[in-house]
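In my numbering, the protein residues as written are 45 to 373. By construction, the Cβ of each residue, glycine as well, lies at the ideal position given by its N, Cα and C atoms.
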Ligand code: NDP
């Protein structure tokens with residue numbers, strides 16, 4: 045597994061990271077969660093991504109348990125704050141109070157003394173950026189957070205955040221946006237803004253939640269046990285990937301399988317390798333409901349796709365790709 049520097053920072057992340065949204069603490073039992081984490085470690089994945097809000101905070105607990113006993117210096121643990129974790133009016137957002145409370149709760153659940161990259165899970169228009177970045181700055185000075193990131197912020201929000209981060213000496217080094225062959229909204233604005241600020245992309249849903257695995261087939265029932273078919277996954281799948289469950293998209297995806305075959309890859313491997321061709325991407329965060337998926341998908345690490353193959357992919361997906369930067373967030 046190759047490592048890549050996270051933006052202009054000194055932190056190295058594994059180019060494929062494992063995330064546990066929807067899976068740990070919800071869709072899969074703890075034994076399967078442990079097996080997925082073990083498969084990731086066996087494959088050389090060192091970067092793990094979670095969030096306080098995942099599975100109503102259970103995902104962090106499951107990950108903390110699964111990584112217990114693993115040499116802390118050998119892994120990068122990333123988590124996030126913003127979405128509600130309770131019903132109180134301060135149990136959400138990017139206020140100083142919630143950031144401090146949320147960070148301490150995440151440290152407890154993850155059974156660790158520090159978070160490698162702590163993300164603002166979304167932009168909070170109700171709180172001043174100064175308040176948010178001062179809170180992050182204090183967590184950094186206390187050694188509880190090493191680096192800071194933002195997720196699904198627009199180019200303008202990132203630029204304003206980066207100016208404050210520089211003033212307050214906060215190491216803002218990562219952006220965590222959705223990015224896949226089908227969803228390329230970061231290319232025109234977010235990536236150039238981040239490049240100017242030395243911020244690297246750690247991208248989510250490289251398989252568009254499984255659409256780019258090729259298992260969803262037009263006019264066929266949803267595969268049993270798939271994210272789209274389970275009660276834990278279906279609402280999120282519907283909201284963020286439901287738009288791709290269309291005959292034209294699914295037929296194009298099936299054509300991508302032939303491209304994958306020609307270059308000796310499976311379709312999930314091709315899709316993950318595709319995001320890793322972008323030099324601004326520091327890591328692709330994969331999700332997995334089975335250890336076998338991790339074992340298959342990690343083989344996308346280190347793959348170089350020829351320009352001709354990239355062009356073939358674009359031709360097949362012509363007219364189907366979402367590129368509108370206004371869809372950020
Ligand atoms: P993917 O696009 O990689 O989708 C993962 C899912 O696809 C798996 O859980 C599995 O679902 C299916 N799958 C994976 N591999 C295969 C395979 N080889 N064959 C068939 N099906 C496969 O990523 P996720 O959507 O899970 O997102 C990854 C991570 O990104 C999250 O865990 C989280 O850490 C982060 N994230 C961050 C967000 C943010 O706002 N910052 C938002 C969303 C995610 P199944 O088997 O159930 O069908």
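- In this chain, the beta strand (DSSP E) harbouring residue 326 covers 325-330.
- With contacts defined by Cβ atoms closer than 8 Å, residue 164 and residue 126 form a contacting pair.
- Non-local beta-carbon contacts of residue 187 in its own chain, meaning distances under 8 Å to residues more than five positions away in sequence, involve 157 and 158 in chain order.
- In the pairwise beta carbon analysis, the region 46-56 is classified as touching the region 225-245: at least three pairs are separated by under 8 Å.
- For residue 288, the Cβ stays outside the 7 Å cut-off from all heavy atoms of the ligand NDP.
- Judged by the Cβ position, residue 312 qualifies as a neighbour of the ligand NDP at the 7 Å threshold, a heavy atom of the ligand being closer than this.
- Residue 209 carries a helical assignment under DSSP once its states are collapsed to helix, strand and coil.
- Using a Cβ-Cβ distance cut-off of 8 Å, the region 248-263 and the region 213-230 are in contact, since at least three pairs of beta carbons, one from each stretch, lie closer than that value.
- Spanning the alpha carbons of residue 284 and residue 56 requires a straight line of approximately 29 Å.
- Distances taken from the Cβ of residue 94 to the heavy atoms of the ligand NDP include one shorter than 7 Å.
- 8 Å or more divides the Cβ of residue 112 from the Cβ of residue 71.
- Closest option to residue 105, judged by alpha-carbon separation, among 135, 369 and 94: 94.
- The count of Cβ pairs closer than 8 Å, one atom from the region 63-82 and one from the region 128-136, stays below three, leaving the stretches out of contact.
- The region 170-189 makes contact with the region 130-150: 3 or more CB pairs, one atom from each, lie closer than 8 Å.
- Under the three-state reduction of DSSP output, residue 84 falls in the helix class.
- Going by beta carbons, residue 313 and residue 341 fall inside the 8 Å limit.
- Residue 68 sits buried, since 16 or more C-beta atoms from the chains shown fall within 10 Å of its C-beta.
- Here residue 234 is not near residue 249, since their CB atoms are 8 Å or more apart.
- In the structure shown, residue 68 adopts extended strand secondary structure according to DSSP, grouped into three states.
- In terms of Cβ geometry, residue 267 and residue 80 do not form a close pair [threshold 8 Å].
- For the options 150, 309 and 333, the alpha carbon positioned closest to that of residue 343 is the one of 309.
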